[in-house]
Every structure is written in structure tokens, then in C-alpha cells.
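These notes concern the structure reproduced below.
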Amino acid sequence: MQEFPGIVTAGLAKQIAESLREQILSGKIKVAERLPTEEELARKFSVSRPTIREALKRLAAENLIHSRRGPRGGSTVKHPRPEEASLSLSNALRLLAGLGEFDHAHIFEARCELESTCCRLAAKRRNKDYLARMRTELETQRDATLTDEEFCASDVRFHRGLFEATENPILQFMLCAISDALQPVTNLVVFRFRDRKVICEQHQRLIEALEVSDAAGAVEVLQKQAQYLAHSYRKARAYRKSRERKRGKDAKASAAR
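In terms of this note's numbering, the sequence shown is residues 330 to 586.
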């Protein structure tokens with residue numbers, strides 16, 4: 330176990346977590362290695378055990394360690410799993426999008442550019458299994474009895490199939506996280522103002538382009554879909570603002586009675 334540097338007084342738990350995180354990510358503390366006990370860490374950092382406990386909670390929330398209680402308990406460094414790391418990124422992006430930190434115009438632009446890259450690789454590799462999954466989702470989307478939430482979920486799976494069709498694990502990791510985080514937010518905002526038939530037709534043309542390795546054609550379909558969704562979002566936002574103004578007027582009229 331490496332010696333830990335001194336910690337200043339402000340934000341003790343955060344600084345301790347950062348110190349431990351750095352040693353885990355650098356490999357100084359190995360995967361599956363058990364961390365010192367809370368008491369030992371408290372002595373090393375010259376802080377209280379509750380402060381150490383808070384620092385360990387931060388690391389556990391990042392899926393860097395696993396903590397167990399009991400006589401044989403303690404904290405052990407976890408083997409990183411892509412699914413967990415992707416989920417952490419997705420959750421962070423979803424929170425920021427929900428709080429309005431990302432403008433939806435930028436979301437549509439980023440989605441279009443990222444998926445265009447995927448189209449080029451997917452068209453080049455033309456993996457029949459992934460294209461078959463995309464076709465399965467397309468057939469699901471054509472079911473008129475689907476709820477809006479079910480349609481949105483299928484749409485996410487469809488685009489995830491496109492990412493996986495790149496056969497590039499780095500792109501899959503990054504883009505699946507981004508799609509899972511941002512696409513549902515966008516879908517739920519615009520579902521009242523888009524035509525499912527239009528989306529299905531676009532998905533049909535996308536699959537057909539990929540099946541014949543027409544990367545340019547696939548990119549063109551995605552660009553048109555991004556423009557269509559951006560227009561739908563503007564209509565949805567105008568509708569929401571109109572309803573908010575109406576509710577405000579109704580509330581004032583009710584209070585004046």
C-alpha cells in the first residue's frame with residue numbers, strides 16, 4: 330500500500346476520495362486489493378472515521394470500490410466493467426440535460442454528427458446480426474398499439490443497434506451512454522409533435538442504405554431525421570410555453586375573483 334500525501338483541511342472527504350481515486354486509476358492500488366480499514370485510513374489522513382466513510386461512499390458511487398460490512402468486511406477495489414462506467418456517464422448526462430445545461434439544438438447536432446460516424450463504419454462492416462436487430466425494432470415501431478413510452482424505448486434500441494454495428498467497442502461505450510441519456514429526454518419532449526410513420530420510413534431507408542454499404546445515403550437519412558426532430562422540438566417548446574402562459578393567466582383570473 331502506497332503512502333498517502335497530506336490533505337488540507339477544506340473538503341476533507343472530497344480530497345481523500347480524490348487521493349484514493351488517483352492511486353486506483355494509476356494502478357498503485359491494484360484491482361481486488363483490499364483498502365486499509367476505516368481506522369487505519371483515519372490515522373493515515375489524520376481525520377475522523379466518519380470523514381473516511383464519506384470518502385469511501387464517493388468511491389463506491391463511482392463503482393471504483395466495493396464495500397462489505399461484518400468481521401470480514403472492508404473495501405476492495407473493483408474490476409472496472411464497461412457497462413457500469415457507461416451507466417455512470419449516462420446518468421451524469423441525463424441529469425445535466427434535465428437541468429437544462431445542454432441546449433437541445435446542440436443535442437440534435439451532436440447526435441447527428443456522432444451517428445454519421447457510426448453510419449460510415451456500420452456501412453463498411455455491414456454486420457447482418459446488428460442490422461437484423463435494427464429491423465426487429467423497426468417492426469416493433471410499426472405496431473400502432475405501442476404507447477409513446479414503448480415507441481421511445483424501441484427507438485433507443487434501434488439507434489443502439491446502429492452504434493453496435495460499428496463493431497468498435499470505444500464508440501459503442503461512448504455513444505450508447507450518450508444515446509441512453511439524451512435520446513429519451515428528446516423523445517419524451519417531442520413525441521406529441523412527430524409522426525411515427527415518418528420516423529419508421531426514415532429508419533427503413535437507413536437500414537436499406539446500410540445493407541448495400543451506402544454510407545453517404547445513410548448519413549443523408551440521419552441528417553434529415555435530425556432536422557425533422559429539431560423542427561418537432563421547436564413546435565413542442567412553443568406549445569409548452571403557450572400552455573404555461575395560459576395557466577398563468579388562468580391563475581391570475583382565479584385569484585382576482
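Don't be surprised by glycine CBs; every beta carbon is placed ideally from N, CA and C.
Among the options, which has the Cα closest to the Cα of residue i?
| i | options | result |
| --- | --- | --- |
| L551 | E468, C505, E438, Y562 | E438 |
| I507 | K575, Y562, F431 | F431 |
| A547 | P409, E391, L450, K343 | L450 |
| R387 | T405, E413, A342 | A342 |
| C447 | A426, G490, Q533 | G490 |
| E412 | Q501, T515, A580, L425 | Q501 |
For residue i and residue j, I'd like the C-alpha separation in whole angstroms.
| i | j | result |
| --- | --- | --- |
| E368 | S419 | 35 Å |
| T356 | F492 | Before going on, a small fix: residue 356 reads as Gly here, not Thr. The straight-line gap from Cα to Cα measures roughly 31 Å. |
| R471 | R486 | 14 Å |
| I353 | L393 | 8 Å |
| T338 | S375 | The predicted position of T338 is uncertain, since its pLDDT is 45 and thus under 50; a value taken from the coordinates is nonetheless stated next. So the two alpha carbons sit approximately 10 Å from each other. |
| K373 | I358 | 15 Å |
| H488 | R363 | 40 Å |
| R378 | D509 | 38 Å |
| A565 | E496 | 35 Å |
| F480 | E530 | 14 Å |
| R455 | V541 | 8 Å |
| S561 | E466 | 22 Å |
| R523 | R576 | 24 Å |
| L504 | R350 | 25 Å |
| R464 | H532 | 9 Å |
| K407 | V360 | 6 Å |
| R440 | A582 | 43 Å |
| E347 | G340 | 11 Å |
| T474 | R382 | 50 Å |
| E494 | D477 | Here the sequence assigns Ala to residue 494, which means Glu is not the residue at that position. Roughly 26 Å between the two C-alpha positions. |
| R563 | R462 | 31 Å |
| S571 | A580 | 14 Å |
| R398 | L424 | 31 Å |
Within 10 angstroms of the Cβ of residue i, are there 16 or more other Cβ atoms? Answer buried if so, exposed if not.
| i | result |
| --- | --- |
| Y568 | exposed |
| E442 | exposed |
| I528 | buried |
| H433 | buried |
| D458 | exposed |
| I499 | exposed |
| E468 | exposed |
| E444 | buried |
| A584 | exposed |
Mind checking whether residue i and residue j have CB atoms under 8 Å apart?
| i | j | result |
| --- | --- | --- |
| I536 | L460 | yes |
| A452 | L539 | yes |
| L422 | L558 | no |
| S404 | L416 | no |
| S396 | A389 | yes |
| N516 | D543 | no |
Would you say residue i reaches chain C, if we count a Cβ-Cβ gap shorter than 8 Å as a contact?
| i | result |
| --- | --- |
| R455 | Annotation note: the requested chain C is absent from the structure, which comprises a single protein chain. |
**Asked** Can you list the beta strand (DSSP E) stretches of 3 or more residues lying completely in the segment 494-539, in chain order?
**Response** none
**Item:** Contained alpha helix (DSSP H) runs [length at least 4] in the segment 409-477, N- to C-terminal order
**Value:** Those alpha helix (DSSP H) runs which fall completely within the segment 409-477 and span 4+ residues are 411-427, 433-454, 457-470.
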